[in-house]
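All remarks here apply to the structure that follows.
Numbering (our numbering), first residue to last: 1193 to 1380.
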């Protein structure tokens, strides 16, 4: 490792530590347990998990869980990238290091898992209904979140972009799930 590389790595680490300290300071001042927004974000994490626990089809739990984990991972990665690039932000957080945890880990993936379960059980078109759910998230939920300052967009990002992200996450997650189902069936 040369001196220039080491110098840049040290600078990146130092700046990352500063940003982390700012995030902690911001969270303590504007996003902790003492404000109502914290509790809304907490409910967006807890309530979907309770609903999922109560209503998940036990016979399809592994399939639904695999699909939901897939959705969660893609959603979390893109959310993290968007935050890092300054495309959007979440002013209220459960913890300073988890800016969109409630949406990433619970609210959105659980919604898609329950939709998947419903379409399986009622023999409905998952693709059509996932587009509808994506539209609800992008054109109803996100504007409400923007209005109450739970979400801000920058650099030209708009609700159509968010809609396309939701649809893309679904398609990728469904394709990966289908691939694993096919591989499993091929082996039996």
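Beta carbons are placed, not taken as given, at the ideal position from N, Cα and C, and that holds for glycine.
Listed in chain order, the non-local C-beta contacts of residue 1244 below 6 Å within the same chain comprise 1302, local neighbours out to five positions each way being set aside. According to DSSP, residue 1345 shares a beta bridge with 1280. When only Cα atoms are considered, residue 1225 and residue 1231 end up about 7 Å apart. The stretch 1316-1333 and the stretch 1351-1367 touch, with three or more beta-carbon pairs separated by less than 8 Å. DSSP places residue 1335 inside the alpha helix (DSSP H), whose first and last residues are 1334-1339. Here residue 1289 has 1212, 1215 as same chain residues with Cβ atoms under 8 Å from its own Cβ, once five neighbours each way along the sequence are excluded.
Check the Cα spacing between residue 1220 and each of 1242, 1306, 1285, 1278: the tightest is with 1285. Scanning its chain for C-beta atoms nearer than 8 Å, with the 5 sequence neighbours on each side dropped, one finds around residue 1373 the residues 1255, in chain order. DSSP lists no bridge partner for residue 1208. Annotated as distal: residue 1299 and residue 1345, with beta-carbon spacing of 8 Å or more.
With at least 16 other beta carbons inside 10 angstroms of its own, residue 1330 counts as buried.
In the DSSP assignment, residue 1330 forms no beta bridge with any residue. With a beta-carbon spacing of about 6 Å, residue 1270 and residue 1357 fall inside the 8 Å limit used to define contacts. Taking C-beta atoms as the reference points, residue 1266 and residue 1349 fail to come closer than 8 Å.
Pairing residue 1264 with residue 1239, the inter-Cα distance amounts to about 16 Å. Between residue 1369 and residue 1259 the beta-carbon gap is near 5 Å, inside 8 Å, which marks them as a contact.
DSSP places residue 1360 in the uninterrupted alpha helix (DSSP H) bounded by 1351-1379.
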